[in-house]
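*Asks:* Have a look at the structure that comes next, please.
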Amino acid sequence: MRLSVAPRLPADEPTLPPGNTAAEGALELLPIAAVVVSVTDDGLRFDLPNGTFRRLGLGSTADTSILARDLGARIVAFLAGQALRLQLPWAVGDAVEQRHFEVTLARVATANGPRCLVTLIDQTGEMRTEVNLRREMTTDSLTGLPNRAGFGDRLEQMIEAGTTDYAVLVVDLDRFGRVNSCLGSMAGDELLITVARRIKGALRACDGLGRIGGDEFGILLALDQDRSEADNVARRVRQVLATPFRLSEFEIRVSCSIGVAFGADAIGDAEDIIRHAQFAVRRSKETGQAEAYQTDALDRAREQFAMETALRRAIEAKQLRLHYQPICDLSTRRIVAFEALARWVDENGNDVPPAQFIPVAEESGLIVPLGRWAIDEALRTLAAWDARAGGDCGVAVAVNLSPIQLQRDGVAPLVTEALARHGLAGERLKLELTESALIADPDGNAEVLRALKATGATIAMDDFGTGYSNLAYLQKLPIDILKIDRSFVTGMLADRDKIAIVRAVLGLASALGMETVAEGIETQELGQTLAALGCTYGQGYAYARPLAADEAYALLAACTD
Ligand code: C2E
Ligand code: CA
Ligand code: CA
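What follows is the structure, given as C-alpha cells:
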C-alpha cells in the first residue's frame, strides 16, 4: 500500500529533464531521479545529473552499469516498439539491502531521434514501513511472541492449508489482575515474560505460542495422533506454571485455566476458533481442569443456558443500562462525543462485565435485540440531553455494533428509523465496528457500511491493531475514524515499540484522511504525548470513566459552562 502519492510525469508530452534549475533543486529533495537514455552505435548512453545515484542510495559514483545490466534490454525493446510509456518495478541489491524502485520509461522525440526518459522513484522506504508496521502489529512487544493478530495469522495459514489436525489451547492466568494491583505492573510484566518462557519450554519447536490477550496465551498444537495430545500439553503447561515464581522478594503461585478448540470441529475463521477456546476457558474456571469447546449442540445449549436465560430476561425487563464515556479533543480537552457501553447488573446484584455477556449475546443471537436497544437507548439519551441543553448539546454518541448485527440485522434501516424517532441528524451518531468484523466478509460488509454511511452516521474502526487488517484493505472501506486499541496505548511512554506502532498508525490514518481516537488513556502525560504525535481524539480514565447518563450530562454541562 502507498502511504504517499508518487508524483506523476506528464503523460502525453514527455520533456527532457531541466538542467540545474529550481525545479531540479526541488527534485533533489525527493527520492526521484530522471535519466535520459539514447541508443548510440556504441550501445546505450546514459545522461544523468550529478548525484542521482547517491540520491537513490545506489552508490556515489555515476556508474550506469547497473542500469544497463538490469534495464538496458527493456529500454532497447521499448524504443524499438510503439508505446509512449511503460511502467515496471525494479529491485536492486540482495535481500538485506534491497531497494525498490518504480521505473517509468517514456518516449521523447528529439531532433537526434528518439530518446528514453527513465524516471526512478525510490519506494524502499514505503515498502519497509509497511513490512515493519505489519511485523510490529503482529508481535507482542513485552514477550516478543506473536500477539493475537500474529497468532491468528498462523492459525489462518493452517486453515487455508486445509489441515484439521490441530488444536488451539487458550491458557488464561487466574487472578493475574491481583499481581498487577498488589505488586505493580512492572512485576506483572516480569511475570508474564517468565510465564511465556516456561510455556514455550513445555512445547515442541513446531508448536506455536502467542500472547493473545493481557493474561492469555494461545497455543497452536499440531496433532500427530489424537486429541489426547492436547490434554497432555495442557497438563505439561499446568505443571510448568505450578512451580512458584520469584518476583523480587515475593514468591508467587500462578494457576491457569485452559480451554481447547479442535481444528476438526472448526467452522469459521481463526477468530472463531480462538473465541471457542476462550469460551471453553470459562468452563475450565468452574471445573478446574482443561475443557474442550463443546460442539455438541445439546451441551452447548446447557452451557449457555443459565446466562442466556438471565440475559434474555434482563433485556426484556429493560434492566440493561448504558454508561457513557467521553471522547475528548486531545488538544482542547473539549468533549466531542460519548461512547455508549452496555452495563448489566444481574438478579443477584452482580455486575457482569460486557466482556462476559457480549460473547454470550453473540453466540445466542441475543445481540440482535441488545444491539437494537443500544442504538435506540443511546439516541434517546442524546435527544434528552439536547432537550435539557435547549438545543444541540454539542456532542455525538458512539454505539458499538457487533459483527453479528451486521450479518443478520437490517441495521441501516434500523439506524435511519431510530434517528427519525428521536429527531436527530445522522452526524450525531458514530458506529464502532471491530476490525475482525469488517474483514470477515469484505464485500458484504463494504455494502452494509455504505448503507450505514448513507444514514449520515460516521464509521469508526474499533480496537485497531488487534485484528488481522490487511492495511491496503482499509482504503476500500468507507471508514472515518480509527480507534487505536488500548493495548498499544497502555504503557506506551516506556515502550519504544508501542510508540513506533502508534506513530505508524497515526501516519497511516492521516494518509488515508481518517481521524484517530486513542483508547485507554490513563494519564494526562499520555494524552499530551498522543496529541503531540498528531492523534486527534482520546478516551480513557484520565478524562473520565464510563458514567451513568445523568452524570455524563452533568460533566458535559460543567465543561461547556
Ligand atoms: P470497547 O468498545 O473497546 O470499549 C472500551 C472499553 O475500555 C470499555 O470497557 C471501557 O470501560 C474501557 N476503558 C475505557 N477507558 C479505559 C482506560 O483508561 N483504562 C482501561 N483499563 N480501560 C478503559 P467495557 O465497558 O468493559 O466494554 C468492553 C467491551 O464490550 C467494549 O470494548 C465493547 O467491545 C463491548 N461492548 C460494550 N457495550 C457494547 C454494546 O452495547 N454492544 C456491543 N456490540 N458491544 C459492547
Ligand atoms: Ca468501542
Ligand atoms: Ca475499543
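The opening residue of the sequence shown carries number 0 in numbering that gives the first Met the number 0; numbering runs sequentially from there.
Idealized CB from N, CA, C, for every residue including glycine.
Just so we're clear, the structure is a prediction, and the values are computed from it rather than from any experiment.
Decide if P113 is buried, meaning its Cβ has at least 16 other Cβ atoms within 10 Å, or exposed.
*Replies:* With fewer than 16 other Cβ atoms within 10 Å, it is exposed.
*Asks:* Sorted by chain position, which residues of the same chain lie with C-beta nearer than 7 Å to L413's C-beta, five sequence neighbours on each side aside?
*Replies:* Counting only Cβ-Cβ distances below 7 Å, and skipping sequence neighbours, we find R371 and I374.
*Asks:* For A557, which residues from the same chain have a beta carbon less than 7 Å from its beta carbon, with the 5 sequence-adjacent residues on both sides left out?
*Replies:* For A557, where only same-chain residues beyond five positions count, there are no Cβ hits under 7 Å.
*Asks:* Classify E248 as buried or exposed, calling it buried when 16 or more other Cβ atoms lie within 10 Å of its own Cβ.
*Replies:* It is exposed - the Cβ of E248 has fewer than 16 other Cβ atoms within 10 Å.
*Asks:* Could you tell me whether the stretch 282-289 touches the stretch 336-344, using the rule of 3 or more Cβ pairs below 8 Å?
*Replies:* Touching, no.
*Asks:* Are the Cβ atoms of V102 and Q86 separated by less than 8 Å?
*Replies:* A contact, by the Cβ cut-off of 8 Å.
*Asks:* Anyone know if the C-beta pair for G539 and I520 falls short of 8 Å?
*Replies:* Yes; because the gap between Cβ atoms is below 8 Å, this pair is in contact.
*Asks:* Are the CB atoms of G422 and A382 within a distance shorter than 8 Å?
*Replies:* In contact: A382 and G422 (Cβ atoms closer than 8 Å).
*Asks:* Taking three-plus beta-carbon pairs below 8 Å as touching, is the stretch 353-370 in contact with the stretch 389-401?
*Replies:* Output reads yes: the stretch 389-401 touches the stretch 353-370.
*Asks:* Look up R73 in the DSSP assignment and give the residues it is bridged to.
*Replies:* DSSP output for R73 lists no bridge partner at all.
*Asks:* For R544, which three-state DSSP category applies?
*Replies:* Coil, per DSSP.
*Asks:* Kindly indicate which three-state DSSP category H421 falls into: helix, strand or coil?
*Replies:* Residue state, collapsed to three classes: coil.
*Asks:* What residues in its chain sit with their C-beta under 8 Å from that of A541, if we drop five residues either side in the sequence?
*Replies:* Contacts found: I520, E521, T522, Q523, L525 and G526.
*Asks:* Relative to the C-alpha of V239, which residue among R342, V194 and H99 is closest?
*Replies:* Among R342, V194 and H99, the Cα nearest to that of V239 is on V194.
*Asks:* If contacts are defined as beta-carbon pairs under 8 Å, then L172 and V91 qualify, I think. What distance do you get, rounded to the angstrom?
*Replies:* Actually they are not in contact, since the Cβ atoms of L172 and V91 sit about 49 Å apart, beyond 8 Å.
*Asks:* Please report how far the alpha carbon of R73 lies from the alpha carbon of S37, in whole angstroms.
*Replies:* Taking the straight line joining both Cα atoms gives about 13 Å.
*Asks:* Can you find at least 3 beta carbon pairs, one from the stretch 384-392 and one from the stretch 354-364, that sit closer than 8 Å?
*Replies:* Verdict: no, contact absent.
*Asks:* I want to see whether chain D comes within less than 8 Å of K429, judged by CB atoms only; does it?
*Replies:* Considering every chain present, this structure includes no chain D. It has just one protein chain.
*Asks:* Let's test the definition: count the other Cβ atoms within 10 Å of the Cβ of M185 and tell me whether it reaches 16, buried, or not, exposed.
*Replies:* Flag for M185 reads exposed.
*Asks:* Hey, how far is the Cα of C115 from the Cα of D69?
*Replies:* If I take the Cα positions, the gap works out to 15 Å.
*Asks:* So what's L28 in DSSP terms, helix, strand or just coil?
*Replies:* A caution first: L28 carries a pLDDT of 45, below 50, which makes its placement in the model unreliable, though a value can still be read off. Reduced to three states, the DSSP call for L28 is helix.
*Asks:* Could you check the C-alpha separation between Q277 and C327 for me, to the nearest Å?
*Replies:* The straight-line gap from Cα to Cα measures roughly 33 Å.
*Asks:* Are the beta-carbon atoms of V232 and L202 separated by less than 8 Å?
*Replies:* Yes, the pair counts as a contact, with Cβ atoms nearer than the cut-off.
*Asks:* Could you have a look at E101 and say whether DSSP puts it in helix, strand or coil?
*Replies:* It is a strand residue.
*Asks:* Locate the alpha helix (DSSP H) running through S486, then write down its first and last residues.
*Replies:* S486 -> alpha helix (DSSP H) spans R485 to V488.
*Asks:* Excluding sequence positions up to five away, which residues of its chain have a Cβ less than 6 Å from the Cβ of H99?
*Replies:* A90, Q122, T123 and M126.
*Asks:* What does a CB cutoff of less than 8 Å around G213 pick up in its chain, not counting 5 residues either side in sequence?
*Replies:* Contacts found: F175 and S486.
*Asks:* Report whether the distance from the Cβ of D575 to the nearest heavy atom of ligand 2 is below 7 Å.
*Replies:* Lying before the first or after the last residue shown, residue 575 is absent from the chain, which here runs from 0 to 560.
*Asks:* Comparing the CB of R485 with every heavy atom of ligand 1, is any distance shorter than 7 Å?
*Replies:* Checking the Cβ of R485 against ligand 1 gives yes.
*Asks:* How would you call K317, buried or exposed, if buried means at least 16 neighbouring beta carbons within 10 angstroms?
*Replies:* Classification for K317: exposed.
*Asks:* Would you mind giving the Cβ-Cβ distance between G187 and P145, rounded to the nearest angstrom? I have them listed as a contact below 8 Å.
*Replies:* The pair is not a contact, with the Cβ atoms about 20 Å apart (cut-off 8 Å).
*Asks:* Can L141 and L246 be called in contact, C-beta distance under 8 Å?
*Replies:* In this structure, L246 does not lie closer than 8 Å to L141 by Cβ.
*Asks:* Would you check if the stretch 496-504 and the stretch 445-452 touch, i.e. whether three or more CB-CB distances between them fall below 8 Å?
*Replies:* Output reads no: the stretch 496-504 does not touch the stretch 445-452.
*Asks:* Could you pull the start and end residues of the alpha helix (DSSP H) that T163 belongs to?
*Replies:* Careful: T163 lies outside any alpha helix (DSSP H) and carries neither H nor E.
*Asks:* Straight-line CA distance for V488 to K497?
*Replies:* Cα to Cα, the separation comes out at about 7 Å.
*Asks:* On a CA-only basis, which of R196, L222 and I211 is nearest V236? Give me that one, please.
*Replies:* Of the candidates R196, L222 and I211, the one whose C-alpha sits nearest the C-alpha of V236 is R196.
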